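One structure below.
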Amino acid sequence: MTNPGGNPDRSQTRVVVAMSGGVDSSVAAALLVEQGYDVIGMMLRLWSEPGRESFNRCCTPDQMADARRVAEHLGIPFYAIDVKDYFRKTIVQFFIDEYAAGRTPNPCIECNRRIRFEFLLDHAMALEADYLATGHYARIKQSETGFELLQGLDAHKDQSYVLHILNQPTLSQVLFPVGAYTKQEVRALAARFGLVSAQTGDSQDLCFLGQDDYQAFLERNAPEIGRIGPIITTHGEQIGLHRGLPFYTIGQRKGLGVSAATPLFVVAKDMARNALIVGTREESGSLSLHAERVNWISGSVPTQPFRAQVKVRYKSIAHPATVTTQANDSAFVQFDDPVTGIAPGQGAVFYDGNRCLGGGLIASGKMASSDLAAAATQVSRQP
Amino acid sequence: MNQQRIYLDHAATTPVHPDVVAAMLPLWTEYYGNPSSAHAQGRAAANALDQARATVAQLLNASPDEIVFTGSGSESDNLALRGIMWAARSAGRGDHLITTAIEHKAVLDTARQLRDLFGFALTVLPVDAWGRIDLQELEDAIRPNTVLISVMAANNEIGTLQPVNAIGQIARRHGVLFHSDAVQAIAQQSWDMQQQPIDLLSIAPHKFYGPKGIGILYVRDGIKLIPALTGGAQENGRRPGTSNVAFAVGAAKALQIAQHDLPQLGPHYQALRDRLIGRLSDAFDGVCRLTGHPTERLLNHASFALRGVNANDLLMHLDVGGISAGSGSACATGDPRPSDVLLALGLDEEWAKGGLRFTVGRDNTMTDVDQAIGTLHKTVRNLNRLALYN
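Same order as they appear, the protein sequences are chains A and B. For the first sequence, counting from 1, position 382 maps to 382 in the numbering used here; every step adds exactly one. For the second sequence, counting from 1, position 86 maps to 1086 in the numbering used here; every step adds exactly one.
And the structure:
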């Protein structure tokens, strides 16, 4: 975590800590209190589906009670601030629109971009705070050239993937107190601090989906975006029907409802024909991708192609690649070897070792789109 | 808690006066008996309870039989409405109840439940932009089957006083009972129940430096009500449960102090209130406006609405700044619903989410008030940076 060296008296340095009631943010708050900061706990009241509030994975009344107890235990003020309408307008609508457009969105990235490190950060700064702290597993390092975002020390817990949207001004106002610890150490710290949440599980992503998968959510909230259509192989053969394109993800194998001699994977979505294109594992791999809305954490856009490791999903491994910046905040990524499961809408995040350089949202995978064209051609030849 | 904090939320609750604490202490340690018991400890407790009841009665110029101790001001409201309406129904004396749109939920929700679950007829009167009811409208609402009118003496959220004397006279003229929730108003004027045309009056001692956990309901002699709780003969069969003697003694002591100190406290409250109103009405380029009646209002109560500001954010910022204030619509879980009371005044949502209430107490000073005004200015400046999210 950064050393707020500008102010020697930490009791004069105000930190708003985003609290979820879970162990990570609770320990983050406890560490800041122990370090002597003027700490204020804050919980976002996010949107939940009307009538299903208690199924939400975050900010339920129970979790709010947990966070409140932790704050009371630490002797810090605690406030809940409402962001329901704004969250629905910015994140939930984005989530639905992305699926409607055939992509597989990562709403946590968008939430970090628009809610945590914009809405909440602004609210913290309006409260005359010097920093906003969260319980993310990532580290911020201040170097001569500015602030760097490093992976969390615990490789299994690293959350830099969903933080690639951070920029220099934001990084100068953010603290990740647990980023320098492993999850196991955080649990031990929770026990040492006597935190009631020490036993609760990890906080979950996709808070507003509740106990359902995203498909049931879409069926309830945007039934119009999925229509039944054909499942077509890369050779142009129709082998079944799909339930609606939003309900499938690139790289998906299970749940296609078709049988074939070799396992079939979703390789593309043909939005124009409402067709799901399936093929072999090899055919589901891509050698390159285009990323849009690319953010460069350093603040300067690389002028030359450079070598990097690229994650295409939150939990994917980092694939060696060459990254070339392009116009309009986009980038082209050429992998050394084919990568499977490149789903438009997910983040493509660039690393140099454990340093997160930035990233963007996947617009398309190259091979998938050429296969799609081939399949589409063959479909059109059918009577 | 920080010594420098400034508490300006006396309409929510007050600290217990040291003399009240002193008066209550022996009831837990020495005179701990159950007043329903026949032994010495029981008699001592019964004596203390009788004295408390006599004191309250004397301060209201009522008789001890007219004083019912309950568990809270809300319970007093519940007992008044349920007790009277049920008694009227069982005697075949009608089934219609009249109340107002800005009553405390203890009245409004009870009235709605009587309508929705028990089949009573209910009229909810609107209020004007200051929060006052129209007396002609009230009189027009009275029907042959009307049993009870319930109108609060003063509103908790906007401080507006209702013309209870005139309302009571209308009720008398039509042979209708009149209940008033005086939880906010009781300590700010003297009450002569021989003169007031009020049949039932709800009181909550924790609003005037008494303990929480006790309420009082004045019930005029001769009025029958069916108890809302059953199970014992305490309080003349009107409210069962082992008597809370300590709190009853504390309630009597608090009312005594409040009435005794009123000549000094009244002008003190009013000076602080008027400073707040003078400095904040129409402040911030018309973004802040006074809510409630400009003059016919509680002596210690200054309430405002801020346009485009969320009361939760407002109270959070004030709290961080060391100022404890209130709002009718704020809740600890951060749900920024617009205030029903402010909506009833005709304010639109843009204003009704930004209710703010400063209610001063005996220990507040002009310096406190000026500091609160300064902190509010800073808060509004800071919150303006968040306007883009509205």
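For each residue, glycine too, the CB sits at the ideal point set by N, CA and C. Computed from a prediction, not measured in an experiment: that's the story for all the values here.
Between the segment 272-292 of chain A and the segment 331-340 of chain A there are three or more C-beta pairs closer than 8 Å, enough to call the two in contact. With respect to the 9 Å criterion, A:Val92 and A:Ala30 are not classified as neighbours on the basis of their beta carbons. Cβ neighbours of A:Phe265 within its own chain (closer than 8 Å, five residues either side excluded): Gly251, Gln252, Arg253, Val278, Gly279, Thr280, Arg281, Glu283, Ser284, Thr340. When rounded, the separation of the alpha-carbon atoms in B:Asp1319 and A:Val39 is 14 Å. For B:His1096, none of the residues of chain A pass the 8 Å Cβ criterion, the least Cβ distance being about 35 Å.
A distance of 9 Å or more separates the beta carbons of B:Thr1359 and B:Asp1140.
Collapsing the DSSP output to three states places B:Pro1294 in coil.
The DSSP-derived three-state label of A:Leu256 is coil. Comparing C-alpha distances from B:Thr1013 to each of B:Leu1276, B:Leu1376, B:Ser1072, B:Asp1065 shows the shortest one belongs to B:Ser1072. Residue burial is scored here from C-beta neighbours: A:Gly135 has at least 16 other C-beta atoms within 10 angstroms and is therefore classed as buried. Taking a Cβ-Cβ cut-off of 8 Å, B:Asn1244 has no neighbours in chain A, whose nearest Cβ is about 28 Å from it.
Interface annotation for the segment 1307-1332 of chain B against chain A: Asn1310, Asn1312, Asp1313, Met1316, His1317, Asp1319, Val1320, Ala1332, criterion Cβ-Cβ distance under 8 Å. In this structure, the CA atom of B:Asp1285 is about 16 Å from the CA atom of B:Glu1350.
Of all residues in the segment 277-290 of chain A, none comes within less than 8 Å of chain B when Cβ atoms are compared. Spatial neighbours of A:Leu195 in its own chain (CB-CB distance under 8 Å, excluding positions within 5 residues in sequence) are listed in chain order as Val23, Ser26, Val27, Ala30, Val70, His73. Among the residues of the segment 69-95 of chain A, those with a Cβ less than 7 Å away from any Cβ of chain B are Pro77, Tyr79, Ala80, Ile81, Asp82, Tyr86, in the order of the chain.
As summarised for the segment 145-185 of chain A, the continuous alpha helix (DSSP H) elements at least 4 residues long and confined to that stretch are 168-171, given in chain order.
In this structure, A:Gly226 lies near A:Glu219, with their beta-carbon atoms less than 9 Å apart.
Annotation: B:His1317 to A:Ala67 spans about 19 Å, alpha carbon to alpha carbon. DSSP lists A:Ser288, A:Thr322 as the beta-bridge partner residues of A:Gln334. Shown here, A:Gly236 sits in coil according to DSSP, grouped into three states, outside any helix or strand. A direct Cα-Cα distance of roughly 32 Å separates A:Ala65 from A:Asp9. Scanning B:Ala1352, B:Arg1082, B:Leu1262 for the CA closest to the CA of B:Phe1208 turns up B:Leu1262. Close to B:Pro1336, with beta-carbon spacing below 8 Å, are these residues of chain A in chain order: Asp82. Those residues of the segment 1002-1017 of chain B placed with their C-beta closer than 7 Å to a C-beta in chain A do not exist. Sixteen is the threshold: since fewer than 16 other Cβ atoms of the shown chains lie within 10 Å of the Cβ of A:Ser11, the residue is exposed. Only Ile40 from the segment 18-41 of chain A bring a Cβ to less than 8 Å from some Cβ of chain B. In this chain, B:Ser1150 is not harboured by any alpha helix (DSSP H); it is covered by the beta strand (DSSP E) spanning 1146-1150. Beta-bridge annotation (DSSP): A:Gln309 is paired with A:Pro320, A:Tyr351. DSSP, reduced to helix, strand and coil, places B:Asp1134 outside both helices and strands of the structure shown, so it counts as coil. In this structure B:Asn1382 is in contact with A:Glu128, their Cβ atoms being roughly 7 Å apart against a cut-off of 8 Å. In the structure shown, the three-state DSSP call for B:Phe1208 is helix. As a beta-bridge residue in DSSP terms, A:Met43 pairs with A:Ala80. Proximity of B:Leu1217 to chain A, defined by a Cβ-Cβ separation below 9 Å, is not satisfied. Unbroken alpha helix (DSSP H) runs of no fewer than 4 residues, entirely contained in the segment 103-147 of chain A, are found at 107-111, 121-126, following chain order.
Restricting attention to B:His1301, B:His1268, B:Val1219, the CA atom closest to the CA of B:Leu1060 is found in B:Val1219.
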